[in-house]
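In the numbering used here, the protein residues as written are 6 to 369.
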């Protein structure tokens, strides 16, 4: 018995060495996978190409599909434009023939919100955040998709309580994202590149077309990017601007903007965009005195034209009544706190969105 007792510490030490070796080996493999992934992303960032993308999102209750024209220029130029469905013309403009309303500020359109950002440019830009927040693993090294050889990669959050999963198909030769899948509980999204052309001249023509469109519409529709202190000064120190809205997320930018509410009015608004590298969450804050005008002028509840009504519920978070609208791929939270109207938009799970709302309320 005495001999066996002396051997036990040696056995435990041996097992600990084996365990540490396995962990170290796994970390090396994981690091190698990450490096290979971002090598492909860097390669894709340097390509000139244009194509079409089909995107389908669905849940148990809703389904939405749209087609995009995609143009990617190697000089950090990338844009998408909706091909289908086309933006419907306003019935009001068609019926009353009011040319002033029809032509006034053509560039002042609400930008569509996409809760995730899967492009070579964005993944290259936010590489450190993605490395910190996600596990990247190559699932298949040689598959065929869209007639091209590709690699399949899975991307899963480090946070164990997050059930969002990504799967991407990267072109083996160029690194271009050919297909992607997203799963978030009952929500699903599939994106497929249906056309791909490597035509430098065509890319330049499409980029020139975009520039002309922007000039016709009065330039960029973005607001003014500011610091936290300037944003607070503009709103009399009433804003909630937490740095740590949710674990892994950081402020990407703060934008001072005029948010349109009717054909003839808008309200000063601060837009905070948070990201963890792939996911995007937007927080809009505006003075509630203007928010009452918004309620009268836009009874559609900020619902974009052509979209079906959202499922709406109300609940209390940190003693504040919050209205929650569930759409196909995002959740929209709206509430009022201390003379400020809040709107939170994101594609995360409801539990995470609830925590963000609580953080914004308690940060006041």
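Using N, Cα and C, we set each Cβ at its ideal position, and we do this for glycine too. From a predicted model like this one, the values you see are computed outputs, not experimental measurements.
Beta-carbon proximity list for residue i, same chain, < 6 Å, skipping 5 on both sides
| i | result |
| --- | --- |
| residue 170 | 161, 188 |
| residue 237 | 244 |
| residue 128 | 46 |
| residue 183 | 150, 151, 155, 174, 176, 198 |
| residue 86 | 74 |
| residue 63 | 193 |
| residue 365 | 245 |
| residue 207 | 55 |
| residue 77 | 54, 83 |
| residue 316 | 331 |
| residue 328 | 319, 339 |
| residue 69 | 62, 333 |
| residue 289 | 274, 276, 348 |
| residue 287 | 278, 350 |
| residue 263 | 271 |
| residue 113 | Summary for residue 113: the model assigns pLDDT 41, below 50, so the residue's position carries little reliability, and this model does not support an answer. |
For residue i, the three-state DSSP class (helix, strand or coil)
| i | result |
| --- | --- |
| residue 230 | strand |
| residue 336 | strand |
| residue 273 | strand |
| residue 176 | strand |
| residue 360 | helix |
| residue 47 | helix |
| residue 239 | helix |
| residue 85 | strand |
| residue 136 | helix |
| residue 183 | strand |
| residue 201 | strand |
| residue 254 | coil |
| residue 33 | Interpretation of residue 33 is limited by its pLDDT of 45, a score under 50 that renders its predicted location unreliable; no figure is taken from the coordinates. |
| residue 42 | helix |
| residue 120 | coil |
Beta-ladder partner(s) of residue i, from DSSP
| i | result |
| --- | --- |
| residue 354 | Answer by DSSP bridge pairing: none, since residue 354 is not bridged. |
| residue 190 | Answer is none; residue 190 lacks a bridge partner. |
| residue 348 | 289, 339 |
| residue 329 | 318, 338 |
| residue 196 | 60, 185 |
| residue 259 | 277 |
| residue 171 | 160, 187 |
Where the alpha helix (DSSP H) through residue i begins and ends
| i | result |
| --- | --- |
| residue 323 | No alpha helix (DSSP H) contains residue 323, which DSSP labels as neither H nor E. |
| residue 61 | Residue 61 -> not in any alpha helix (DSSP H); beta strand (DSSP E) instead, spanning 54-63. |
| residue 206 | 205-221 |
Beta strand (DSSP E) segment containing residue i, residue limits
| i | result |
| --- | --- |
| residue 147 | 139-150 |
| residue 127 | Careful: residue 127 lies outside any beta strand (DSSP E), inside the alpha helix (DSSP H) at 125-130. |
| residue 161 | 153-162 |
| residue 266 | Taken as a continuous stretch (DSSP letters only), residue 266 belongs to no beta strand (DSSP E), as it is neither H nor E. |
| residue 71 | 68-78 |
Neighbourhood of residue i by C-beta, 8 Å cutoff - its chain only, sequence neighbours within 5 removed
| i | result |
| --- | --- |
| residue 148 | 154, 155, 156, 157, 174 |
| residue 190 | 168, 354 |
| residue 178 | 153, 154 |
| residue 146 | 156 |
Sequence-distant residues of its chain with Cβ nearer than 7 Å to residue i (five each side left out)
| i | result |
| --- | --- |
| residue 30 | Residue placement at residue 30 cannot be trusted, given a pLDDT of 43 that sits under 50; what the coordinates show is reported in the next sentence. For residue 30, where only same-chain residues beyond five positions count, there are no Cβ hits under 7 Å. |
| residue 281 | 134, 138, 253, 254 |
| residue 163 | 138, 139, 140 |
| residue 369 | 245, 342, 343 |
Rounded distance between the beta-carbons of residue j and residue i, thought under 8 Å
| i | j | result |
| --- | --- | --- |
| residue 180 | residue 37 | Not confirmed; about 17 Å, so no contact. |
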